[in-house]
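One structure is given here, and the rest of the page talks about it.
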Amino acid sequence: MALQDVSGFQDTPIHTSLSSLSTSSSPPTRRPFPLSHGTTTLAFVFQGGVIAAADTRASCSGLVACPSAQKILPIHSHLLVTTSGSGADCMLWERILAREIRLYQLRHGRRLSITGSAKLLSHMLHPFKGTDVCVAATLCGWDVEELFYVCSDGTRLQGELFSVGSGSPYAYGVLDGEVRWSLNEEEAISLAREAVYRATHRDAYSGNCVDLFHITAQGYCRRDREDLREEYHRKRERKDAGSHATSLVLTLGVGKRRSVEREKIQRGGVKWHGVE
1354 MALQDVSGFQ DTPIHTSLSS LSTSSSPPTR RPFPLSHGTT TLAFVFQGGV
1404 IAAADTRASC SGLVACPSAQ KILPIHSHLL VTTSGSGADC MLWERILARE
1454 IRLYQLRHGR RLSITGSAKL LSHMLHPFKG TDVCVAATLC GWDVEELFYV
1504 CSDGTRLQGE LFSVGSGSPY AYGVLDGEVR WSLNEEEAIS LAREAVYRAT
1554 HRDAYSGNCV DLFHITAQGY CRRDREDLRE EYHRKRERKD AGSHATSLVL
1604 TLGVGKRRSV EREKIQRGGV KWHGVE
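Going by our numbering, the sequence shown opens with residue 1354, and the numbers climb by one from there.
Listed below in structure tokens is the structure:
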């Protein structure tokens, strides 16, 4: 039995198969309070593939709802999606996109391209423009050397660098001056980690840990999750070591100047009583 038979999907156009999600079937309801949430996700292209990174803090207004949320979701072996927005909406549309891509592969015997996946997601989200659906996704793959950003109003943008979420201005401050095609793998991973760290240092809605993925022609590889507190302590130790070295150099410089002045005064017949 085919997957479309199990799920109840037939070989029909997308807008017909998604009729159950139509905005007209469920009138919008007013929320009891405004939702306030944020995140930091980023992705960029370099000569060794695509790097995707995100923090792990899921927040709701001033509450840290989950410190270990996964915001980078695998769709298949060569496609990842970074998600920003409402957690429930992001998970729902990630599952819908994964299902549609799997059905496409079963029907046509080939995997849908990254460009096609972005067009598909944009087409599915467009009918929900103006509603409370809140999804912002970056599609990261390797069949084209570019990324695609898709928003819940159907917007679809193509580029080589994207950062999405409340912490994105701080991440862009690191990435814009450092991302280049010639980066090697370790440099790219270190840069992505640094960008997320800088964002979480200033953005209250981002924090806890960082997830890092590397996508190549062979598939994707997930790095071990890293606690950003360890990165903070490493930065602090390097800063303290640098401050100590600077203070030592200044102290030696002052001592040398005092020795020279003492010799000059002694040659002039005046006894020096300064501190060594």
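In this text, a Cβ means the ideal position worked out from N, Cα and C, and glycines have one as well. Here the structure is a predicted model, which means the values were calculated and not measured.
Original post:
Looking at C-beta atoms only, is the number of pairs between the region 1555-1569 and the region 1396-1412 that lie closer than 8 Å three or more?
Top reply: yes
Subject >> Member of D1442, G1438, A1471, M1444 whose CA lies at the smallest distance from the CA of I1454 >> reply: The count along the sequence shown starts at 1 and reaches residue 1454 at position 101. For I1454, the nearest C-alpha among the options comes from A1471.
Original post:
Looking at the structure shown, is C1487 part of a helix, part of a strand, or coil, going by DSSP?
Top reply: Walking along the sequence shown from the start, residue 1487 turns up at place 134. Coil.
Subject >> Of the residues V1403, H1461, C1443, the one placed nearest A1312, counting alpha carbons only >> reply: Because the chain in this structure spans residues 1354 to 1629, residue 1312 falls outside the shown range and cannot be described.
**OP:** Whole angstroms is fine: what's the gap from E1696's alpha carbon to C1419's?
**Re:** Given that the chain is displayed from residue 1354 to residue 1629, the structure contains no residue 1696 and the question cannot be resolved.
Original post:
CB-CB under 6 Å to G1520, same chain, minus the five flanking residues each way: which ones, in chain order?
Top reply: Counting from one through the sequence shown, the residue named residue 1520 turns up at place 167. Once the five neighbours on either side are set aside, the close Cβ partners of G1520 are T1393, A1552, D1556, S1559.
Subject >> Burial state of C1637, where buried means 16 or more other Cβ atoms lie within 10 Å >> reply: Shown here, the chain extends from 1354 to 1629; a query on residue 1637 therefore has no answer.
Original post:
Based on Cα-Cα distance, which residue from A1396, G1391, Q1400 lies nearest to W1534?
Top reply: As a first step, residue 1534 must be located in the sequence shown, where it is residue number 181. Minimum Cα distance to W1534 is reached at Q1400.
**OP:** Using only alpha-carbon positions, find the residue among R1589, A1490, G1507 that is nearest to S1439.
**Re:** Here residue 1439 is taken as the residue at index 86 of the sequence shown, counted from 1. Taking only the C-alpha atoms, the option nearest S1439 is A1490.
Subject >> Spatial distance of I1568 from A1441 (CA atoms) >> reply: Translated into positions along the sequence shown, residue 1568 becomes position 215. Translated into positions along the sequence shown, residue 1441 becomes position 88. In a straight line, the C-alpha of I1568 is about 25 Å away from that of A1441.
**OP:** Look at the Cβ atom of L1432, then the Cβ atom of G1494, and state whether they are nearer than 8 Å.
**Re:** Position 79 of the sequence shown, counting from 1, holds the residue named residue 1432. Position 141 of the sequence shown, counting from 1, holds the residue named residue 1494. Their beta carbons are under 8 Å apart, which means L1432 touches G1494 by this criterion.
**OP:** Express the C-alpha separation of L1528 and H1479 in angstroms, rounding to a whole number.
**Re:** Here the question's residue 1479 lines up with position 126 in the sequence shown. Here the question's residue 1528 lines up with position 175 in the sequence shown. Between H1479 and L1528, the C-alpha separation is close to 30 Å.
Original post:
Which stretch, first to last residue, makes up the alpha helix (DSSP H) that contains P1427?
Top reply: Against the sequence shown, residue 1427 aligns to sequence position 74. Not the alpha helix (DSSP H): P1427 falls in the beta strand (DSSP E), residues 1425-1429.
Subject >> Of the listed residues R1591, I1542, A1548, R1589, nearest to D1577 (C-alpha basis) >> reply: Working through the sequence shown from its first residue, we reach residue 1577 at position 224. Looking at the Cα atoms, I1542 is the closest of the given residues.
**OP:** Can you tell me the Cβ-Cβ gap for E1499 and G1512, rounded? I've got them flagged as a contact below 8 Å.
**Re:** Here residue 1499 refers to the residue found at position 146 of the sequence shown. Here residue 1512 refers to the residue found at position 159 of the sequence shown. Indeed they touch by this definition, with Cβ atoms about 6 Å apart.
Original post:
Start and end of the beta strand (DSSP E) containing S1437?
Top reply: Walking along the sequence shown from the start, residue 1437 turns up at place 84. That run of the beta strand (DSSP E) goes 1432-1438.
**OP:** Write down every uninterrupted run of the alpha helix (DSSP H) in the region 1493-1539 whose length is 4 residues or greater and which is fully enclosed by it, in chain order.
**Re:** 1521-1531
Original post:
Going along the chain, which residues of its own chain have a beta-carbon closer than 8 Å to the beta-carbon of A1451, five neighbours each way excluded?
Top reply: As a first step, residue 1451 must be located in the sequence shown, where it is residue number 98. Excluding sequence neighbours, A1451 sits near I1428, H1429.
**OP:** Determine the extent of the beta strand (DSSP E) in which A1406 is found, giving its start and end residues.
**Re:** Position 53 of the sequence shown, counting from 1, holds the residue named residue 1406. Here the beta strand (DSSP E) through A1406 covers 1402-1408.
**OP:** Would you tell me roughly how many angstroms separate the C-alpha atoms of P1522 and S1516, rounded to the nearest one?
**Re:** Residue 1522 sits at position 169 when you count from the first residue of the sequence shown. Residue 1516 sits at position 163 when you count from the first residue of the sequence shown. Each residue's alpha carbon lies about 8 Å from the other.
**OP:** Thinking T1435 and A1405 are a contact (beta carbons under 8 Å), I'd like their distance in whole angstroms, please.
**Re:** In the sequence shown, residue 1435 corresponds to position 82, counting from 1. In the sequence shown, residue 1405 corresponds to position 52, counting from 1. Going by Cβ atoms, the distance from T1435 to A1405 rounds to 5 Å, so yes, they are a contact pair.
Original post:
Near R1509, which residues of its chain fall below 6 Å by C-beta distance, leaving aside the five closest residues on each side in sequence?
Top reply: For the purposes of this step, residue 1509 is taken as residue 156 along the sequence shown, with counting starting at 1. Contacts found: A1471, S1475, V1503.
**OP:** Mark S1505 as exposed unless 16 or more other C-beta atoms lie within 10 angstroms of its C-beta, in which case mark it buried.
**Re:** Position 152 of the sequence shown, counted from the first residue, corresponds to residue 1505. Counting Cβ neighbours within 10 Å, S1505 comes out buried, since at least 16 surround it.
Subject >> Expected contact under 8 Å - CB spacing of G1391 and G1526 to nearest Å >> reply: Here residue 1391 refers to the residue found at position 38 when the sequence shown is read from its first residue. Here residue 1526 refers to the residue found at position 173 when the sequence shown is read from its first residue. That belief does not hold up - the Cβ atoms of G1391 and G1526 are roughly 16 Å apart, past 8 Å.
Subject >> For S1412, three-class secondary structure by DSSP >> reply: Indexing the sequence shown from 1 puts residue 1412 at position 59. Correct three-state label for S1412: strand.
Subject >> Expected contact under 8 Å - CB spacing of F1481 and L1492 to nearest Å >> reply: As a first step, residue 1481 is located in the sequence shown; it is residue number 128 there, counting from the start. As a first step, residue 1492 is located in the sequence shown; it is residue number 139 there, counting from the start. Not quite, the Cβ-Cβ distance comes to about 18 Å (not below 8 Å), so this is no contact.
**OP:** Go ahead and pull the three-state DSSP assignment for L1565.
**Re:** Along the sequence shown, read from residue 1 onward, the residue named residue 1565 stands at position 212. In this structure, L1565 counts as strand in the three-state DSSP scheme.
Original post:
From what residue to what residue does the alpha helix (DSSP H) around L1465 run?
Top reply: Taking the first residue of the sequence shown as position 1, residue 1465 is located at position 112. Neither: L1465 is in no alpha helix (DSSP H) and is coded neither H nor E.
**OP:** Using the DSSP secondary-structure output, state which residues sit across from Q1546 in a beta bridge.
**Re:** Within the sequence shown, numbered from 1, the residue matching residue 1546 stands at position 193. The sequence given here has Arg at residue 1546, not Gln. DSSP output for R1546 lists no bridge partner at all.
**OP:** Please classify D1339: is it buried, with 16 or more other beta-carbons within 10 angstroms of its beta-carbon, or exposed?
**Re:** Residue 1339 lies beyond the stretch modelled for the chain, which goes from 1354 to 1629, so this question has no answer here.
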